[in-house]
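Residue numbers (the numbering used here), protein chains in the order written: chain C, 1 to 339; chain X, 340 to 678.
A virtual CB, placed ideally from N, CA and C, is assigned to each residue, including glycine.
This structure is a prediction, so every number in the text was calculated from the model and none was measured.
Down below is the structure, laid out as structure tokens.
Number of protein chains: 2
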Amino acid sequence: MKKKTTIYDIARELNITVSTVSRALNGFSTISDATKKAVAETAERLNYSPNKLASSLKSGRTNTIGVIVPSTEVHFFASVIHSIEHVLKNNGYNILLYQSNESLENEINGVKTLLEAQVDGIIASISLETNDVSHFQEIINQNKPLVLFDRTHADLKAPSVTLDDFKAGYMATKHLIDKGYRKIGFVTTHHQIQIFNDRFKGYQAALKDHDLEYEDKRVIFGGLSIKDGRYGAAKLLRLEDVPDAIIAGDDFTALGVIKKLKETNNIPPEIGVMGFSNETFSAFITPNLSTIDQKSNKMGTESAHMFLKMINGKVTYNKTEHIVLEPLLVERQSTGKKD
Amino acid sequence: MKKKTTIYDIARELNITVSTVSRALNGFSTISDATKKAVAETAERLNYSPNKLASSLKSGRTNTIGVIVPSTEVHFFASVIHSIEHVLKNNGYNILLYQSNESLENEINGVKTLLEAQVDGIIASISLETNDVSHFQEIINQNKPLVLFDRTHADLKAPSVTLDDFKAGYMATKHLIDKGYRKIGFVTTHHQIQIFNDRFKGYQAALKDHDLEYEDKRVIFGGLSIKDGRYGAAKLLRLEDVPDAIIAGDDFTALGVIKKLKETNNIPPEIGVMGFSNETFSAFITPNLSTIDQKSNKMGTESAHMFLKMINGKVTYNKTEHIVLEPLLVERQSTGKKD
DNA sequence: ATGAAAGCGCTAACAC
DNA sequence: GTGTTAGCGCTTTCAT
């Protein structure tokens, strides 16, 4: 393996010094065009490739940003990453990816690893397991940009990009009410993560605003999955006063609800069903599913721009900013009650 | 912002030299336990965090690997990335992510960027636009590991992990034949990328092996999308001798085929439908879709292990290795013809 | 068991 | 317009 060429090789070749080469390569105006041209040609000829490590060590900036997400297997996160990478690449940044897999230990390790790699900042969505957020605090202590998206934490005073989940819950509920449903059940999960709580509160508020009774027994707290959806629906169907609509904590759970309803011949929109997050499949199942879109791409681009604003000092930890995106109601067959 | 602590700070604090600190931190056996303990404590107390940039500059290894994929929006790639990251993280590597967005120009830039970032190697799946692969050659010239997955190129002599796409095409076709279908159409795309070609050849071979006539007019070459699926199905339905089954180039296209068939009252499995890639939604649509699973997770872990083998010199460019995964037939309702 | 010192490749303050 | 030189933080050879 041949030795890699450095600016020293170029300098030697041209009988000039490395500083001239460095300046020429970086387009300094103090360098003559002739020299620039010679340097560029020689660099090309020697197949020179800059070592960003060295320049980063010197400058203290790596132009690399860490992104921590629970898992890229979840389409929502993969989609956010897609947008973040797209925007930041166009601004000269590379993306170091780290998955927490919903584990606090992994997440702690991720922050540590990324900081050791000298990333210029971190964009993260915290794991379900994360109750203590002190590991993120270290990023702030180093005065490096930290942007949170979707899953935030009250103890963490950092800029964020989230969805208005209260509104999302309210919207879903109101939509069902508008469609003529009156006895609305909810299959969801209990969690320290803000979003589930907010959606639930939105649900309660919408009921109240429309003079509908909130009933504890219509709310099933469990996990979020197809299986949990089936289970929740089954439980609601056994009530004396069976709900005429069910909101599920996410689209997978909604899918489970639909399956159970179809099996028991309560085919939606006979009983209305709403999900959250607008997964790819939701448009394609039968009946296709009304849901609340999470705006993953928007969330990604906004997160990236927030990071850039912090880099430019337009947003700081003292002058922070929280972007709250409007949820988007996607109306499909599963809530199409004819009244 | 306070200055970051370095090993010099620790050395000064303890009245020892940086070399001792460095060795202590790296667990050299020549350093006394007492010194190690003192160093560890002082590091902790001063909130020391190693600068990997500096050590990488010295050692020439970054423990970072570049991953280039068309797009994380496509679940297959997000899933492969998930597995790659998981395996390599556990082996001390970080992942630098780069999306080509199916653009050759982006891909060229990606390789360049990653090499400048001094990655220890690259795992990639090439873009649809990539006809010339010389940019990847540079990785090989630097004698750094390059592993290709799923989408490879004949001109690129590098280890790879792919699916047996000939077999996948054969398998899909044979499955339909076994189910009693005889006039099998194919809605696919023309492309320099090997996989589409291979699937098509598998389709032809299966027909031949079962004494079924191959008919040009039953094959529709277009794009791959829901829309293309509808279009392809419509075209096949207009044939004098309408096919009794349709294979689509991917699951999205298959979905389009199904939609068109349902609209025209040729509801599958009346006319059988097969897809490729087992997208999340394929299990949930009605009728749910028989398809060929791409083993994304297996592909990711195998790619990661291949990379590690190259790092360890067990696989080299002269002694290369190609892993070909067995496709997996996922049988569902869309091919359930009762004979 | 520890120290001294060179050097990884690049940048920039300071000269001329 | 270009050269000199120190230094970013760490590793490692050679000495002791």
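- Excluding five sequence positions before and after Arg-362/X, the CB atoms of its chain that fall closer than 6 Å to its own CB belong to Ile-370, given in chain order.
- Taking the CA atoms as reference points, Thr-152/C sits about 47 Å from Phe-525/X.
- Listed by position along chain X, the residues whose Cβ is nearer than 9 Å to that of Leu-104/C form an empty set, because the closest Cβ is around 15 Å away.
- As computed with DSSP, Phe-591/X is found in no beta bridge at all.
- For the options Met-171/C, Lys-337/C, Thr-301/C, the alpha carbon positioned closest to that of Ile-323/C is the one of Thr-301/C.
- Annotation: Thr-345/X has no Cβ neighbours in chain C at a cutoff of 7 Å; minimum Cβ distance is about 12 Å.
- Considering only Leu-467/X, Leu-435/X, Ile-462/X, the residue with the shortest C-alpha distance to Thr-113/C is Leu-435/X.
- Apart from the 5 residues on each side of it in sequence, Pro-498/X sits with its Cβ closer than 6 Å to the Cβ of Val-486, Met-645, Val-654, Thr-659, Glu-660 in its chain, given in chain order.
- Interface criterion not met: the Cβ of Leu-224/C is under 8 Å from no Cβ in chain X.
- A residue is called buried when at least 16 other Cβ atoms come within 10 angstroms of its Cβ; Tyr-8/C does not meet this threshold and is exposed.
- Put simply, the CB of Glu-670/X is far from chain C, with every gap to its CB atoms at 8 Å or more.
- For Tyr-553/X, there is no enclosing alpha helix (DSSP H), as DSSP marks it with neither H nor E.
- Chain X places a beta carbon closer than 8 Å to that of Asn-51/C, counting this residue as a contact.
- Between Asn-90/C and Gly-66/C, the alpha-carbon positions lie close to 16 Å from each other.
- Close to Leu-96/C, with beta-carbon spacing below 9 Å, are these residues of chain X in chain order: Thr-403, Asn-433, Ile-434, Leu-435, Leu-436.
- For Ile-285/C, at least one C-beta of chain X is nearer than 8 Å to its own C-beta.
- Under the three-pair Cβ rule at 8 Å, the region 257–265 of chain C does not count as touching the region 44–54 of chain C.
- Bridge partners of Val-526/X according to DSSP: Ile-559/X, Ala-587/X.
- Here DSSP, grouped into helix, strand and coil, assigns Thr-72/C to coil.
- DSSP places His-305/C within a helical segment (H, G or I) once states are collapsed to three.
- Chain order gives the chain X residues near His-75/C as Glu-412, His-414, Ala-417, Thr-619, where near means a beta carbon separation below 9 Å.
- Three or more pairs of CB atoms, one per stretch, sit closer than 8 Å, so the region 260–275 of chain C contacts the region 239–252 of chain C.
- Check the Cα spacing between Phe-539/X and each of Thr-527/X, Arg-671/X, His-474/X, Ile-423/X: the tightest is with Thr-527/X.
- Around the beta carbon of Arg-569/X, 16 or more other beta carbons sit within 10 angstroms, so the residue counts as buried.
- When only Cα atoms are considered, Met-510/X and Leu-25/C end up about 55 Å apart.
- In the DSSP secondary-structure assignment, Ser-160/C is bridged to Leu-148/C, His-322/C.
- For Met-613/X, the beta-bridge partners assigned by DSSP are Ile-586/X, Ser-629/X.
- Interface criterion met: the Cβ of Ser-395/X is under 8 Å from a Cβ in chain C.
- Each residue's CA atom was taken as its position, placing Pro-243/C and Gly-202/C some 18 Å apart.
- Nearest to Asn-445/X by C-alpha distance, out of Gly-652/X, Glu-424/X, Leu-467/X, is Leu-467/X.
- For Leu-328/C, the enclosing beta strand (DSSP E) has its first and last residue at 328–330.
- Within chain X, the residues placing a beta-carbon under 7 Å from that of Ile-81/C are Thr-411, ordered along the chain.
- In the three-state reduction of the DSSP assignment, Gly-399/X falls in the coil class.
- Residue burial is scored here from C-beta neighbours: Asn-433/X has at least 16 other C-beta atoms within 10 angstroms and is therefore classed as buried.
- Gly-405/X carries a strand assignment under DSSP once its states are collapsed to helix, strand and coil.
- When C-alpha distances from Ile-355/X are compared across Ala-377/X, Val-419/X, Lys-343/X, the shortest belongs to Ala-377/X.
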